[in-house]
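What the sequence shown shows, in this note's numbering, is residues 157 to 423, in sequence order. Below is one structure, written out as structure tokens; comments come after it.
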Amino acid sequence: MPTQELEALRFIRYEAADAIGYITLNRPEKRNALSADMVSELKMAFEFAEEDTACKVIVLRAEGAAFCAGADLAYIQELQSFGYTDNLADSTHLMQLFHQIYTLKKVVIAQVQGHALAGGCGLATVCDFAFAVPEARFGYTEVKIGFLPAIVSVFLLRKVGEARTKELLLTGDVLSAQRAQELGLVNGVVGAAELTSYVHDFARRLCVENSAQSMEATKEMLARIPEMPLEDSLRYAAHINAEARGSLDCRRGIAAFLAKEKITWEN
Numbered sequence: 157m158p159t160q161e162l163e164a165l166r167f168i169r170y171e172a173a174d175a176i177g178y179i180t181l182n183r184p185e186k187r188n189a190l191s192a193d194m195v196s197e198l199k200m201a202f203e204f205a206e207e208d209t210a211c212k213v214i215v216l217r218a219e220g221a222a223f224c225a226g227a228d229l230a231y232i233q234e235l236q237s238f239g240y241t242d243n244l245a246d247s248t249h250l251m252q253l254f255h256q257i258y259t260l261k262k263v264v265i266a267q268v269q270g271h272a273l274a275g276g277c278g279l280a281t282v283c284d285f286a287f288a289v290p291e292a293r294f295g296y297t298e299v300k301i302g303f304l305p306a307i308v309s310v311f312l313l314r315k316v317g318e319a320r321t322k323e324l325l326l327t328g329d330v331l332s333a334q335r336a337q338e339l340g341l342v343n344g345v346v347g348a349a350e351l352t353s354y355v356h357d358f359a360r361r362l363c364v365e366n367s368a369q370s371m372e373a374t375k376e377m378l379a380r381i382p383e384m385p386l387e388d389s390l391r392y393a394a395h396i397n398a399e400a401r402g403s404l405d406c407r408r409g410i411a412a413f414l415a416k417e418k419i420t421w422e423n
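Right under this line is the structure:
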């Protein structure tokens, strides 16, 4: 069961079912816009989900018409009075959330039932998978208001490359879900009536068919390799390959394969 702190959350809900942990943005009246408090609650929820033994895969979803509209307007107004030190602390707060999701031990799936703009688009970007309804719109629109999408740029460069990152961040264009899929921001576009069941079934497939240990190690590997020189990355890959061969999951999986038995990884 969630801790007392999780039960006291105002803007986020957490629950686990069928080995899936659901983190729900629950501020629909504000289009699930990000404030400092909401970022804090998200960090707490992801920290809990990472250690929750009832959860193997995480789904990030939202209530209301929008997935996340970016920064809260009232909070943007408040930023006008911030000095550099306060702004750095606030930027670091969001950076920590994005880094936390990107490097989390468990797979994170974004279930995008509505628009994901600016920081909200960044939130979907750092998830491992994203599935969206056709009506959803995506965009890093910060340049339209004299701001810049600095933090998400680090992750977006890794995700779609320099040319597409420049196109997305320098134009600030708002994209259809279909175009977002073409650019690699979204893994699939699914009708609104089917989105919840589709994401559930996808998450369940990962729970049942894949080793949690292997998914965790693969996520860590993919986060670390891009910044390594070629020779270092190959040595690192050989090292974790050797480690994986001696793992309990690998021994179990190979034994099942040789015995021509179907293995279920949920247990």
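All C-beta atoms in this analysis are idealised placements derived from N, C-alpha and C, irrespective of residue type, glycine included.
Nearest-angstrom Cα separation, counted from residue j out to residue i
i    : j    : result
P305 : Q160 : 35 Å
A393 : I301 : 43 Å
V195 : L250 : 7 Å
A245 : V308 : 17 Å
A379 : V316 : 14 Å
I419 : E365 : 7 Å
L190 : R183 : 9 Å
R391 : I381 : 10 Å
R361 : V355 : 10 Å
P290 : G402 : 44 Å
A400 : K261 : 16 Å
Residue i - DSSP class collapsed to helix/strand/coil
i    : result
S332 : strand
T259 : helix
A286 : strand
L253 : helix
G340 : coil
G295 : strand
Q236 : coil
G302 : coil
M157 : Confidence is the limiting factor: at M157 the pLDDT is only 47, short of 50, which leaves the residue's position unreliable and the question unanswerable from this model.
A227 : strand
V310 : helix
T432 : One cannot answer for residue 432 here, as it falls past the ends of the chain, which runs 157 to 423.
E387 : helix
A201 : helix
L326 : helix
Of the residues the options, the one placed nearest residue i, counting alpha carbons only
i    : options                : result
H271 : L279, R293, I265       : R293
G340 : G276, F287, Q267, S247 : F287
T259 : A373, A359, F303, F413 : A373
D115 : L244, V299, V215, F254 : This structure gives no information on residue 115, because the portion of the chain shown stretches from 157 to 423.
H395 : S367, G220, M377, F358 : M377
Y296 : K262, L312, V289, V345 : L312
Q337 : F285, T327, D357       : F285
T248 : V289, K261, K199       : K199
Cβ distance (whole Å) where residue i is taken to contact residue j below 8 Å
i    : j    : result
A218 : A172 : Between A172 and A218 the Cβ distance is about 18 Å, and since that is not below 8 Å, they are no contact.
V282 : F254 : 5 Å
I265 : V213 : 7 Å
F202 : Q267 : At roughly 15 Å, the Cβ-Cβ gap does not stay under 8 Å, so F202 and Q267 are not in contact.
heavy atom of the ligand NAP below 7 Å from residue i C-beta
i    : result
D242 : Among the components of this structure there are no ligands whatsoever, and the ligand NAP is therefore not found.
Next item on the list: Decide yes or no for the touch test of the segment 345-365 against the segment 234-241: beta carbon pairs closer than 8 Å, at least 3 of them.
Entry: Verdict: no, contact absent.
Notebook entry, point to check: Quick one: any contact between the segment 238-246 and the segment 313-321, if contact means 3 or more CB pairs under 8 Å?
Noted result: Short answer: they don't touch.
Check: Do the segment 219-232 and the segment 272-284 touch if we need at least three Cβ pairs shorter than 8 Å?
Finding: By the Cβ criterion, the segment 219-232 is in contact with the segment 272-284, since at least three pairs of Cβ atoms, one from each stretch, lie closer than 8 Å.
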